[in-house]
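Take a look at the structure set out below.
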Amino acid sequence: MRAVEHSEPLGVTELRYRKGDSIIARRRIEGMNVPEVPVGSVGTVESTTVLGKPKKVHFSLATGWGPKRFTVDVRRGDVEAVREASG
């Protein structure tokens, strides 16, 4: 019987993030003291959980009142990794 080789360890299906990684908002993110983050906005990971999930993300957005820079807490499903364009 032969062992089957896998390109990644069994059970590992999610990407680990690090501070400084670029991410994109998958859905609108709102908070009590932060402006609304529209879907598709690109941000930078500021901090992560122990398991490498994004916890705080920094966004720089242009709003009707001028440019805004702020950090927002994110939850599961709020953001995903920015995919590099292949060509």
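Residue numbering for the sequence shown follows my numbering, beginning at 99 and increasing consecutively.
All C-beta atoms, glycine included, are put in the ideal place defined by N, C-alpha and C.
Annotation: the continuous beta strand (DSSP E) that includes Arg167 extends over 164-171.
DSSP, read as helix, strand or coil, puts Thr147 in coil. Per DSSP, Leu159 is one residue of the beta strand (DSSP E) stretching across 152-161. The C-beta distance from Ser139 to Phe157 rounds to 6 Å, short enough to meet the 8 Å contact threshold.
For Gly129, the enclosing beta strand (DSSP E) covers residues 127-129. As computed with DSSP, Glu178 is found in a beta bridge with Ile122.
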